[in-house]
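Asks:
Residue numbers (full-length UniProt numbering): 1 to 164.
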């Protein structure tokens with residue numbers, strides 16, 4: 001199903017739209033559909049995570065530290081696309097669980113560096129098969145071509161903002 005672009009949804013020259021003309025059906029809009037898909041993914045994640053206390057954003061943060069090495073909060077914000085206020089809370093919770101620890105940057109003692117602990121590495125190792133299953137369940141009944149298309153389109157949308 002193709003959805004009208006925003007310029008097609010508004011009456012021309014500011015005229016009032018008549019019944020059935022230029023309706024804005026929020027449930028057909030990309031933002032609404034993306035939010036619904038994300039809510040579905042989060043529900044699947046919570047039902048299928050190997051550790052029921054681990055959230056999807058905590059998992060992504062652990063993955064970012066694993067993939068990029070010890071990281072500052074700013075580096076985590078950039079690599080995860082999670083805002084600074086939120087990442088700070090995530091890091092605090094991961095630290096409280098013993099999944100990460102913090103050290104000072106040798107070049108700048110004011111900068112805090114977040115590192116995986118052995119327990120954090122073990123959590124990731126255990127979680128990867130679950131994460132693969134979560135991704136599979138999130139894609140649901142999409143065929144291989146549709147799965148590729150969804151991923152391609154989402155990456156293309158993100159790239160418009162200079163990301164990825």
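Beta carbons: idealized from backbone N, C-alpha and C, even for Gly.
How many angstroms separate the CA atom of residue 40 from the CA atom of residue 27?
Replies: Translated into the one-based positions of the chain shown, residue 40 becomes position 40. Translated into the one-based positions of the chain shown, residue 27 becomes position 27. Their backbone Cα atoms lie some 15 angstroms apart in a straight line.
Asks: Would you tell me roughly how many angstroms separate the C-alpha atoms of residue 52 and residue 23, rounded to the nearest one?
Replies: As a first step, residue 52 must be located in the chain shown, where it is residue number 52. As a first step, residue 23 must be located in the chain shown, where it is residue number 23. Cα to Cα, the separation comes out at about 42 angstroms.
Asks: Measuring CB to CB, does residue 90 end up less than 7 angstroms from residue 57?
Replies: For the purposes of this step, residue 90 is taken as residue 90 along the chain shown, with counting starting at 1. For the purposes of this step, residue 57 is taken as residue 57 along the chain shown, with counting starting at 1. Yes, the pair counts as a contact, with Cβ atoms nearer than the cut-off.
Asks: Using CA atoms only, rank isn't needed, just tell me which of 101, 133, 107 is closest to residue 119.
Replies: As a position in the chain shown, residue 119 is number 119, starting the count at 1. The shortest Cα separation from residue 119 among 101, 133, 107 belongs to 101.
Asks: Output the distance between the C-alpha atoms of residue 135 and residue 82, rounded to the nearest integer angstrom.
Replies: Residue numbering aside, residue 135 sits at position 135 when the chain shown is read from its first letter. Residue numbering aside, residue 82 sits at position 82 when the chain shown is read from its first letter. Each residue's Cα considered, the two are about 20 angstroms apart.
Asks: First and last residue of the alpha helix (DSSP H) that includes residue 48?
Replies: Counting from 1 along the chain shown, the entry for residue 48 is found at position 48. Residues 30–48.
Asks: With DSSP collapsed to three states, give me the class of residue 71.
Replies: Stepping through the chain shown from its first residue, residue 71 is reached at position 71. Three-state DSSP puts residue 71 in a strand.
Asks: Classify residue 123: buried if its beta carbon has 16 or more other beta carbons within 10 angstroms, exposed otherwise.
Replies: For the purposes of this step, residue 123 is taken as residue 123 along the chain shown, with counting starting at 1. Buried, because 16 or more other Cβ atoms sit within 10 Å of the Cβ of residue 123.
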